[in-house]
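Trainee: First the structure, which I've put down as structure tokens, then a few questions once you've had a look.
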Amino acid sequence: MLKKIEKITHKLSPNLQKIIGNTGWLLADRVLRMGTGLLVGVWVARYLGPKNFGIFNYAIAFTAIFNTVANLGLDNIVIRNIVRQPNSKDEILGTAFFLKVFAQATIIFVSIATIIILRPTETLTHQLVGIITVGTFFESYYVIDYWFQSQIQSKYTVWSKNIGLVLASSMRIVLIQIQAPLLMFAWAYAAETALSALGLVVAYRIKGYFIQAWHFSWKYAIELLKDSWTLILSSFVIMIYMRTDQLMLGQMIGDKAVGIYSAAVKISELWYFIPMAITNSVFPSIVKARQESQQSYYEQIQKVLDFLTILSLAVGVIVSLLSHQIVNLMYGQEYSDAGAILVIHIWTGIFVSLGLVSSLWTTAENLMPFAFITSANGAVINIVLNYFLIKSYGGVGAAMASLVAQCVASYFSYLLLPQTRIIFIQQTKALVLPSLFKRLLNYTRVFRKNELN
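Rendered as structure tokens:
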């Protein structure tokens with residue numbers, strides 16, 4: 010069996026071998042994170058109980074919305090620019106780093122001020138938001154990850170971040186054993202980011218590179234911000250429609266409802282590491298394919314859409330059938346109401362996958378302004394639907410709102426403009442099951458033919 014796998018691997022192109030290897034590392038990373046989430050994360054949820062778990066997740070969701078602005082939407086743009094201009098990597102990375110440092114520092118003050126205004130009497134929530142948002146400052150060093158992604162060398166990122174994950178998870182276990190207060194778990198959350206950043210710096214140095222070589226360039230700053238300003242806005246509204254459900258539940262129902270809903274969402278989003286790992290790995294290859302051939306470019310995109318759609322459907326069916334058993338096994342009876350929420354929320358995965366692939370296309374096509382339109386559509390619909398559905402159905406209503414919003418943002422929005430309908434058509438092909446299975450059969454035949462040759 011191993012010899013057969015080795016024989017097949019050798020027949021693949023060097024670039025495809027590199028992509029598969031890189032995807033393997035990213036999948037290993039997410040599997041470890043998934044395993045840690047299942048063990049330590051669930052243990053923390055059981056220890057804290059629905060109410061404290063809800064307060065904690067409210068603070069994380071609140072901070073995440075502001076942190077998307079601090080990230081400046083630079084991820085794929087920096088990767089794309091390094092692929093196109095490898096000799097300018099120090100200028101590109103240095104400029105991205107200093108832009109993120111300034112943005113992160115600003116967001117710390119803005120997020121703390123905002124939570125004090127929204128919940129003036131809740132000192133614990135203020136402290137949680139303050140600690141978590143200070144921890145996000147170290148994400149400025151995550152620009153090193155952009156370099157490794159551009160070189161399809163994510164294994165160094167995986168090692169670095171997982172050392173931080175293991176150390177922070179060990180801290181959480183100790184905190185549970187000594188029955189520590191909720192605030193200490195916020196410090197552990199912040200410590201994970203700091204340790205991961207330190208690991209990335211060390212990995213970058215081991216590879217023979219120096220962050221001291223980075224330098225800021227106004228030219229690249231203007232270029233990056235010109236390309237990313239719509240992505241900043243779109244990332245902000247994406248986080249709004251992905252996290253507004255938790256925030257509105259907290260404001261309209263209470264922190265316990267947030268805890269139960271968060272338990273369902275964590276299970277629902279547990280497998281997202283797969284589409285994220287795949288899209289991160291294929292992005293440099295897709296950018297290069299566009300420069301060589303439009304046919305090859307769109308064929309690659311269609312293959313990724315097809316594979317992720319099949320995967321999403323399989324996950325959706327299995328989790329829907331076993332949702333209540335999964336929740337009770339993982340979180341216990343205190344969280345049993347999360348089962349009904351999970352049945353609905355798990356189906357957002359299809360549109361999350363479509364959206365991840367489509368965002369690669371919009372970046373490659375330099376259509377970043379459209380990314381804002383799609384995200385804004387989803388955010389507006391999610392807020393409106395949450396307002397009405399949470400009143401009547403609580404957490405189940407929030408899950409319904411998220412599903413509809415994700416569908417509109419990641420799929421139907423691409424029908425709006427003539428220049429984006431080509432990706433809408435490709436998405437639709439992936440969603441039409443008979444034609445999808447026919448293409449998958451053809452892919453299999455081609456692969457087997459190549460194997461025989």
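Residue numbers (this note's numbering): 10 to 462. We treat Cβ as the ideally placed atom computed from N, Cα and C, and that holds for glycine. Only a predicted model underlies this, so the values are computations on that prediction, with no experimental measurement involved.
With DSSP collapsed to three states, give me the class of A385.
Mentor: DSSP places A385 in helix when its eight states are reduced to three.
Trainee: At which residue ranges does the region 193-267 contain complete alpha helix (DSSP H) runs of 4 or more residues, listed in the order of the chain?
Mentor: Entirely contained in the region 193-267, the alpha helix (DSSP H) runs reaching 4 residues are, in chain order, 227-261.
Trainee: Within 10 angstroms of the Cβ of T130, are there 16 or more other Cβ atoms? Answer buried if so, exposed if not.
Mentor: Exposed, since its Cβ has fewer than 16 Cβ neighbours within 10 Å.
Trainee: Is it true that the CB of K265 sits closer than 9 Å to the CB of G50?
Mentor: In this structure, K265 does not lie closer than 9 Å to G50 by Cβ.
Trainee: When you compare each of A272, W370, N90 to K60 by their alpha carbons, which one comes out closest?
Mentor: Ranking A272, W370, N90 by Cα distance to K60 puts A272 first.
Trainee: Decide if V405 is buried, meaning its Cβ has at least 16 other Cβ atoms within 10 Å, or exposed.
Mentor: Buried, by the Cβ-count rule.
Trainee: Quick one: complete alpha helix (DSSP H) runs, 4+ long, within the region 275-360?
Mentor: DSSP runs (the alpha helix (DSSP H)) wholly in the region 275-360: 282-301, 303-340, 347-354.
Trainee: Got a sec, what are the start and stop residues for the alpha helix (DSSP H) S159 sits in?
Mentor: Run containing S159: 152-159, per the alpha helix (DSSP H) assignment.
Trainee: From the DSSP output, in three-state form, read off P129 for me.
Mentor: Reduced to three states, the DSSP call for P129 is coil.
Trainee: Which complete alpha helix (DSSP H) runs does the region 51-105 hold, if anything under 4 residues is left out?
Mentor: Counting only runs of 4 or more, we get 51-79, 84-93.
Trainee: Is the distance from the Cβ of V361 to the Cβ of Y281 below 9 Å?
Mentor: Result yes, Cβ atoms of V361 and Y281 sit closer than 9 Å.
Trainee: What three-state label does DSSP hand I431 in the structure shown?
Mentor: Note: I431 maps to helix in three-state DSSP.
Trainee: Would you mind working out which of M339, I262, R430, Y151 sits nearest L102, comparing C-alpha positions?
Mentor: When each option's Cα is compared against that of L102, the closest is Y151.
Trainee: For L322 and A177, I'd like the C-alpha separation in whole angstroms.
Mentor: C-alpha separation (whole angstroms): 34 Å.
Trainee: Look at Y270 and L258 and say whether their C-beta atoms are less than 9 Å apart.
Mentor: A contact, by the Cβ cut-off of 9 Å.
Trainee: I need the straight-line Cα distance from M43 to N289, nearest angstrom please.
Mentor: Approximately 18 Å between the Cα atoms of the pair.
Trainee: Do you know offhand how far I116's Cα is from I69's?
Mentor: If I take the Cα positions, the gap works out to 14 Å.
Trainee: Among G173, S149, I141, F292, which residue has its Cα nearest to the Cα of N41?
Mentor: The sequence shown places Leu at residue 41, rather than the Asn named in the question. Among G173, S149, I141, F292, the Cα nearest to that of L41 belongs to G173.
Trainee: Less than 6 Å between C-beta atoms, sequence neighbours within five positions excluded: which residues of the same chain meet that for V328?
Mentor: Same-chain partners within the cutoff: I355.
Trainee: By the three-class DSSP mapping on this structure, what secondary structure does I187 have?
Mentor: Looking at I187 - three-state DSSP - the assignment turns out to be coil, as it is neither helix nor strand.
Trainee: Secondary structure at E148, three-state DSSP: helix, strand or coil?
Mentor: Three-state result, E148: helix.
Trainee: From N395 to N85, what distance separates their C-alpha atoms?
Mentor: Near 31 Å, if we compare the C-alpha coordinates of N85 and N395.
Trainee: Check whether the Cβ atoms of M261 and I399 lie closer than 9 Å to each other.
Mentor: Yes, they are a contact pair.
Trainee: Would you kindly work out how many angstroms separate the C-alpha atoms of F194 and F433, rounded to a whole number?
Mentor: Computed Cα separation, rounded: 43 Å.
Trainee: Quick check: the Cα distance between V87 and A112, rounded to an integer number of angstroms?
Mentor: Rounded to the nearest angstrom, the two C-alpha atoms are 16 Å apart.
Trainee: Considering V405, what are the terminal residues of the alpha helix (DSSP H) in which it resides?
Mentor: V405 -> alpha helix (DSSP H) spans 404-419.
Trainee: Can you tell me whether N96 is buried or exposed? The criterion is at least 16 other CB atoms within 10 Å of its CB, across all chains shown.
Mentor: So N96 counts as exposed.
Trainee: Drop a sphere of 10 angstroms on the beta-carbon of S159, count the other beta-carbons inside from all chains shown, and report buried for 16 or more, exposed for fewer.
Mentor: That one is buried.
Trainee: Beta-carbon separation of R181 and V53 under 9 Å?
Mentor: Yes, Cβ-Cβ distance for R181 and V53 is below 9 Å.
Trainee: Does DSSP put L376 in a helix, in a strand, or in coil?
Mentor: Coil, per DSSP.
Trainee: Rounded to the nearest angstrom, how far is the Cβ of L314 from that of L363, given a contact under 8 Å?
Mentor: Rounded, the Cβ-Cβ distance is 7 Å, consistent with contact.
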